[in-house]
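Numbering (my numbering), first residue to last: 1 to 286. One structure is given below, encoded as structure tokens.
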Ligand code: PAF
């Protein structure tokens, strides 16, 4: 049975007992609307820990004023069913009031790493993410926490936060799970119209195209970006908001593919803004 816990106090009590019993705790933070991407992280945690806790919390702090906080898909009963089927131990499902009883007097701010990519497009987004993840880490005190590589910038920022704020937690990045045609699984895919859903396959195809060019020896970021741009504008009606090559996990823009880099893209459809990326391990410069 998957026990649903809604208060911080009760969660603290459960964690105290688990720690006394020396259980190894795996934690998967989510905003619900669980899909196979989340469930893969849950399965990985279940395989590697004594206890797995999944949080479901749509965090208002990480949504901008014109973003989809109200419309964000929520379905706790179906989420719970999916977690029951995997025999997950606990769901932590707090209300907004429980997590933020009053406006925060203290803020966390992500500096340089939030000034690029998604952070540049969504001011304050990563400040909201690190704030809630800090709170969740303090409430759940996991040994391992699982984050998707689809949100590569988020993963890099969380790893940095754990290092700088001395959380005794190991962060595990989990590979992006894709539909059969390559579209990365995302809770926001439900916003796509039928036509856009068909076009959305070209996001991954453009990343694959860049990888093929890279494998054939191309090292210029501009060449890869231009080819992806051409492919996307020929095949989708969405507006291309960003295609970029950054070092990973440092998040510095790169003119040439050297060292470990990721190519990221963001495309805005009528109601959905989709992101995807691919990580390439280029050879290092001397
Ligand atoms: O990746 C997400 O779903 C969210 O950003 C997270 C990590 C659960 C924090 O709200």
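Glycine is no exception: its CB is placed at the ideal position from the N, C-alpha and C atoms.
Rounded Cβ spacing between residue i and residue j (contact assumed at less than 8 angstroms)
i           : j           : result
residue 27  : residue 140 : 5 angstroms
residue 248 : residue 260 : 5 angstroms
residue 265 : residue 207 : 7 angstroms
residue 233 : residue 268 : Contact doesn't hold; Cβ gap of about 13 angstroms is too wide.
residue 118 : residue 125 : 7 angstroms
residue 274 : residue 188 : 7 angstroms
residue 120 : residue 191 : Not a contact, Cβ separation roughly 22 angstroms.
residue 98  : residue 8   : 6 angstroms
residue 243 : residue 229 : 6 angstroms
residue 2   : residue 80  : 6 angstroms
The ligand PAF heavy atom lying under 7 angstroms from the CB of residue i
i           : result
residue 30  : yes
residue 127 : no
residue 14  : no
residue 153 : no
residue 75  : no
residue 59  : yes
residue 198 : no
residue 62  : yes
Close Cβ partners of residue i (< 7 angstroms) along its chain, the five nearest in sequence each way excluded
i           : result
residue 173 : 147, 149, 155
residue 178 : 184, 185, 204
residue 287 : Look at the range of the chain in this structure, 1 to 286, and you will see that residue 287 is not part of it.
Contact set for residue i: own chain, Cβ-Cβ below 6 angstroms, skip 5 residues either direction
i           : result
residue 176 : 149, 150, 184
residue 23  : 50, 51
residue 46  : 52
residue 168 : none
Test item: CB-CB of residue i and residue j under 8 angstroms
i           : j           : result
residue 213 : residue 203 : no
residue 277 : residue 145 : no
residue 104 : residue 42  : no
residue 132 : residue 61  : yes
residue 112 : residue 64  : no
residue 162 : residue 130 : no
residue 287 : residue 108 : This structure leaves residue 287 out entirely; the chain is present only between 1 and 286.
residue 170 : residue 143 : yes
residue 86  : residue 39  : yes
residue 235 : residue 128 : no
Neighbour-count burial assignment, residue i, 16 or more Cβ in a 10 Å radius
i           : result
residue 89  : buried
residue 237 : exposed
residue 106 : exposed
residue 253 : exposed
residue 302 : The first residue shown for the chain is 1 and the last is 286, placing residue 302 beyond what the model contains.
residue 137 : buried
residue 221 : buried
residue 16  : exposed
residue 286 : The pLDDT assigned to residue 286 is 41, lower than 50, so where the model puts this residue is not dependable, and the model offers no usable value.
residue 13  : exposed
residue 217 : exposed
residue 20  : exposed
Spatial neighbours of residue i in its chain, beta-carbon cut-off 8 angstroms, leaving aside the 5 residues before and after
i           : result
residue 93  : 4, 5, 6, 55, 56, 57, 76
residue 197 : 183, 189
residue 95  : 6
residue 36  : 177, 185
residue 195 : 237
Residue i Cβ short of 7 angstroms to the ligand GDP heavy atom set
i           : result
residue 132 : This structure does not include the ligand GDP; its bound ligands are the ligand PAF.
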